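**Q** Residue numbers (my numbering): -1 to 626.
Beta carbons: idealized from backbone N, C-alpha and C, even for Gly.
As the structure is a computational prediction, the values presented were derived from the model and not from experiment.
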Ligand SMILES: [Zn+2]
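Pasting the structure below:
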C-alpha cells in the first residue's frame, strides 16, 4: 500500500534557466528533503502506526457497510498523510491595518507519472505540455525538465518504475499567472501555497523585515517574532481511491495551529507620511541615511519608526546586499555620537541636583582648559570670541560647549552618568527587535571625558535612544519605548498584551517643566527656529555631531533634531537624524524642518488643539541657527 516503496530515484532534473523566479538545485534538494514536513507535495505518502491502524479499521468498516459503492476497490485505495501547513500570522499596526500579509501563490509541478497513466501518444502529450508552459512561463528550460516520449512509453509497460515529480516554479503569485490554462496541461500538478507580501506602499518595511526562501525569517519582526508568527503544522491521515477522498476516513493526529498575529504600536498612516518626509530629506541633502522616530509622549508607544537609505550608499553596496540595506532599521540598529542633544541631560541633571538654577550665569570666551586639554565653542556668526555671558537659557539656545562643560564639572561624573543611564543610554532598549544596539557608553572617569560627555562626544546612541530619553522631559519619568502592543490568536481573536517596560522617575516634575521652557527657547530664538510649528508650541534641541568611522572622526556629520509638542503638555516626541548630509550639515537646518513637518502631521492626525496662531516670521533665523 505504500507507494514510496515503489519509488526509485528518478531523473535528476537540471535547474531551469535563471530568467524565472527560479529554484536553485540546492534549494530544490532542500525542498525534497522537507516536502514531507512541509506538505507541499501532498501526494507523497507516509504512514504512521496508530493512525494507520485506526484509519485502516475505518476503511474496512466503510467497505463492509457500503459494499456496493466500494466493492472491488480496496486494491486501489490508498492511505495518505496530509501535512497541514499553518497560516503565518499577520503583522498589523495599532489600528489593525495589515503591514504584511499572505497572498495566494502556487507551486507548479510536472509529474511524468501522470502521462504514464494518461491515454494518448506520449509525444503529443509532451508537446502540448511544452508549448503550454512556454506560453505561460516563458524562460523555463523545459528540455532539461521533461523526459523524452520514449521513457513514458517504457514506464507504461512497467508500472513499478516511477518518475520523480519535478518542481517547475515555486510560490508564484497567482496574480502573475494564468493558472487555469496551466492546470489543463498534461502532467501538470498545482500545489496552492501562500507568499508573504508587504502591504501596499511597503509601509514600515524596515520594522516588518523580511522572509527568505522557505519562509525563513531574515530580519525585523518577521525574525524576532517568528516563534509567534510561524504556527505549528498539523498531520492527518485519510483514505483515497480513484474517486477522491473516501468519506469518513479522516484521522487527525495533530491539528494545525495557525501562527499568531503581531499587533504593533505603529500608526501606519503617520508612519507612511514620515517615510515620505525622511526619504525626501535624505534625497534632498544627498545623505547616507536617515530616520524618524515618533513616540506617544504619555505611553512611550512607538508610533513611527521610519528609515531611509540614500541612493549613493545603495549604489556603493553589492547588489545582493541592497535589499537588506533598503530595509535596514537605522533607528534601532544605528549608533552615533549624539552631540549637542545630550546637553539637555547635563543641564536637567544639574537643575535637579540643585547645582545650578535657571538664573545661574556662565561666561564663555570660546575655550575651557581642562588640564593639558581644552574644549571649544566653534566661532560662528556674532560669536567669534565665544558666547560671552549667558544664563542657562542662553547656554542651551546657543548650544555652548564651554558653559555645558562648566555645568558638568559642578555636577560630577557619577551624577551625570547615572542620569544618562537612567534615560536609557548604554542600554539595549527591549522593544522586541533583534539587532537593537546598546550604543557606546564611557566606562572610565576622566575630567576631559566628563566635559566631552556633557555635550555628547564619546558616547553613541540610536535614534530610538534619543527619542526615548527626551520623553523624560514630559514629566520627569523615563518610559521604556514599546513597539509590540500585543499578540493575537488568529482563530479565537484573543489578545495577549505585551508586558511594558518599567517607568522610572529621573527628574522632578519641576525640573521637567523648566527643561521644556528651555527647549522652547531653542525653537523660538535659538538654533532650532526651523523646527517651529505653525499652530503649536514646540521645544527641542539641535545636534550636529561628527560621525565616527573605523574608530576616527570622519569629517561627516550626523544632523539631528529632537523635541516635544505641544510643549505645555506634550503629546508626541519626534527625533530626526540624518547621516552625512552634503552641503549644509547642521541639525537645526537639515533635521529641524523634518521635525516640523512630521510633528505637524501628528498634530493634524490626532486633532491636537492649537496652542498658538500662525504668525508671520518676524525674526529671520540669524547666525545662531547655524550653531550646533
Ligand atoms: Zn560657548
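(1) Compute the minimum distance between the beta carbon of residue 396 and the heavy atoms of ligand 1, and state whether it is under 8 Å.
(2) In terms of alpha-carbon separation, which member of 131, 217, 603 and 106 lies closest to residue 187?
(3) In angstroms, rounded to a whole number, what distance separates the CA positions of residue 169 and residue 184?
(4) Do you know offhand how far residue 528's Cα is from residue 371's?
(5) Using a Cβ-Cβ cut-off of 7 Å (strictly less than) and excluding sequence neighbours within five positions of residue 628, which residues of its own chain qualify?
(6) Grouping DSSP H, G and I as helix and E and B as strand, with all else coil, what is residue 387?
(7) Within 8 Å, do at least three Cβ pairs link the region 469 to 480 to the region 207 to 218?
(8) Fully enclosed by the region 512 to 545, which alpha helix (DSSP H) runs are 4 residues long or longer?
(9) Residue 592 and residue 574 look like a contact to me (Cβ under 8 Å); what is the Cβ gap, rounded to whole Å?
(10) Using the Cα positions of residue 606 and residue 535, report the straight-line distance between them to the nearest angstrom.
(11) Just to confirm my understanding: we take residue 433, look at its own chain, exclude 5 residues before and 5 after, and list those with CB closer than 6 Å. What are they?
(12) Mind checking residue 21: buried by the 16 CB within 10 Å criterion, or exposed?
(13) Under 9 Å, do residue 460 and residue 329 count as touching if we go by C-beta distance?
(14) What are the boundary residues of the alpha helix (DSSP H) that residue 600 is part of?
(15) Just checking my contact of residue 124 with residue 201 at CB under 8 Å: how many whole Å lie between their CB atoms?
(16) Say yes only if the C-beta of residue 94 is nearer than 8 Å to one or more non-hydrogen atoms of ligand 1, and no if none qualify.
(17) Determine contact between the region 341 to 359 and the region 507 to 524, defined as no fewer than three beta-carbon pairs at a distance below 8 Å.
(18) Got a sec? Which residues, its chain only, sit under 7 Å from residue 590 by beta carbon, not counting five neighbours each side?
(19) What separation, rounded to the nearest whole angstrom, lies between the Cα atoms of residue 609 and residue 320?
(20) Name, in chain order, the residues that DSSP records as bridge partners for residue 209.
(21) List the residues that DSSP assigns as beta-bridge partners of residue 107.
(22) I'd like to confirm something about residue 434: is its beta-carbon nearer than 8 Å to some heavy atom of ligand 1, or not?
(23) Could you tell me whether any non-hydrogen atom of ligand 1 is closer than 8 Å to the CB of residue 327?
(24) Let me check understanding here. Comparing Cα to Cα, which of 276, 230, 414 and 484 lies closest to residue 287?
(25) Residue 142: which of 324, 462 and 166 sits nearest, CA to CA?
(26) Report the residue from 451, 121 and 493 whose alpha carbon sits nearest the alpha carbon of residue 416.
(27) Given the structure, does residue 389 come close to ligand 1, in the sense that its CB is under 8 Å from one of the ligand's heavy atoms?
(28) Does the beta carbon of residue 101 come closer than 9 Å to any beta carbon on chain D?
(29) Examine ligand 1 and report whether any of its heavy atoms sits within less than 8 Å of the Cβ of residue 524.
(30) Closer than 7 Å by C-beta to residue 101: which residues in its own chain qualify, once you throw out the five before and the five after it? Chain order, please.
(31) Give a yes or no on contact between the region 417 to 424 and the region 376 to 395, applying the rule of three or more CB pairs nearer than 8 Å.
(32) Does any heavy atom of ligand 1 sit closer than 8 Å to the C-beta of residue 631?
(33) Alpha helix (DSSP H) containing residue 91: first to last residue?
(34) If I measure Cβ to Cβ from residue 456 and keep anything under 6 Å in the same chain, skipping five residues before and after, which residues do I get?
(35) Report the partner residues of residue 102 according to the DSSP bridge assignment.
(36) Does DSSP classify residue 31 as helix, strand or coil?
**A** The relevant details are as follows:
(1) Numbered from its first residue, the chain shown carries residue 396 at position 398. Because some heavy atom of ligand 1 lies under 8 Å away, the Cβ of residue 396 counts as near it: yes.
(2) On the chain shown, position 189 is the one that residue 187 refers to. That would be 106, whose Cα lies nearest to the Cα of residue 187.
(3) For the purposes of this step, residue 169 is taken as residue 171 along the chain shown, with counting starting at 1. For the purposes of this step, residue 184 is taken as residue 186 along the chain shown, with counting starting at 1. The straight-line gap from Cα to Cα measures roughly 20 Å.
(4) Mapped onto the chain shown, residue 528 falls at position 530. Mapped onto the chain shown, residue 371 falls at position 373. If I take the Cα positions, the gap works out to 34 Å.
(5) This structure does not reach residue 628, given that the chain is present from -1 up to 626, and the question cannot be answered.
(6) As a working note, residue 387 is residue 389 in the chain shown. Of the three classes helix, strand and coil, the one that applies to residue 387 here is strand, per DSSP.
(7) no
(8) none
(9) Within the chain shown, numbered from 1, the residue matching residue 592 stands at position 594. Within the chain shown, numbered from 1, the residue matching residue 574 stands at position 576. With 8 Å as the limit, residue 592 and residue 574 qualify as a contact, their Cβ atoms being about 5 Å apart.
(10) Within the chain shown, the letter at position 608 stands for residue 606. Within the chain shown, the letter at position 537 stands for residue 535. If you take the alpha carbons of residue 606 and residue 535, they lie about 12 Å apart.
(11) Here residue 433 is taken as the residue at index 435 of the chain shown, counted from 1. Contacts found: 331.
(12) Position 23 of the chain shown, counted from the start, is the residue given in the question as residue 21. At residue 21 the pLDDT is 35, less than 50, meaning the model places this residue with poor confidence; the figure from the coordinates comes in the next sentence. Residue 21 comes out buried.
(13) Translated into positions along the chain shown, residue 460 becomes position 462. Translated into positions along the chain shown, residue 329 becomes position 331. Result yes, Cβ atoms of residue 460 and residue 329 sit closer than 9 Å.
(14) By one-based count along the chain shown, residue 600 stands at place 602. Residues 590 to 603.
(15) Along the chain shown, read from residue 1 onward, the residue named residue 124 stands at position 126. Along the chain shown, read from residue 1 onward, the residue named residue 201 stands at position 203. Contact doesn't hold; Cβ gap of about 47 Å is too wide.
(16) Along the chain shown, one-based indexing puts residue 94 at 96. No, since every heavy atom of ligand 1 falls outside the 8 Å radius drawn around the Cβ of residue 94.
(17) yes
(18) As a first step, residue 590 must be located in the chain shown, where it is residue number 592. Closer than 7 Å at the Cβ level, and outside the excluded window around residue 590, lie 526, 528, 529, 540 and 559.
(19) Numbered from its first residue, the chain shown carries residue 609 at position 611. Numbered from its first residue, the chain shown carries residue 320 at position 322. So the two alpha carbons sit approximately 44 Å from each other.
(20) As a first step, residue 209 is located in the chain shown; it is residue number 211 there, counting from the start. According to DSSP, residue 209 bridges with 215.
(21) For the purposes of this step, residue 107 is taken as residue 109 along the chain shown, with counting starting at 1. In DSSP, residue 107 forms a bridge with 165 and 187.
(22) The residue you call residue 434 lines up with position 436 of the chain shown. Result no, Cβ not under 8 Å from ligand 1.
(23) Residue mapping note: residue 327 aligns to position 329 of the chain shown, counting from 1. Residue 327 has its CB no nearer than 8 Å to any heavy atom of ligand 1.
(24) Within the chain shown, numbered from 1, the residue matching residue 287 stands at position 289. When only C-alpha atoms are compared, the closest one is 276.
(25) Along the chain shown, one-based indexing puts residue 142 at 144. Here the closest residue by C-alpha is 166.
(26) What you label residue 416 is simply residue 418 of the chain shown in a count that begins at 1. Per the Cα distances, 451.
(27) In the chain shown, the residue the question calls residue 389 occupies position 391. Every heavy atom of ligand 1 is 8 Å or more from the Cβ of residue 389, so no.
(28) The structure shown has no chain D; it contains just one protein chain.
(29) Numbered from 1 along the chain shown, position 526 holds the residue referred to as residue 524. No, the beta carbon of residue 524 sits no closer than 8 Å to any heavy atom of ligand 1.
(30) Translated into positions along the chain shown, residue 101 becomes position 103. Excluding the 5 residues flanking it on each side, residue 101 has same chain C-beta neighbours closer than 7 Å at 171, 192, 193 and 195, in chain order.
(31) no
(32) The question about residue 631 has no answer, for the chain in this structure spans -1 to 626.
(33) The count along the chain shown starts at 1 and reaches residue 91 at position 93. Element bounds for residue 91: n/a, residue is neither H nor E.
(34) Here residue 456 is taken as the residue at index 458 of the chain shown, counted from 1. Within the same chain, residue 456 has close Cβ partners 440 and 450.
(35) Your numbering for residue 102 matches position 104 in the chain shown. DSSP output for residue 102 lists 192 as bridge partner(s).
(36) In the chain shown, the residue the question calls residue 31 occupies position 33. Low per-residue confidence applies at residue 31: pLDDT is 40, beneath 50, and the placement is therefore not dependable enough to give any value.
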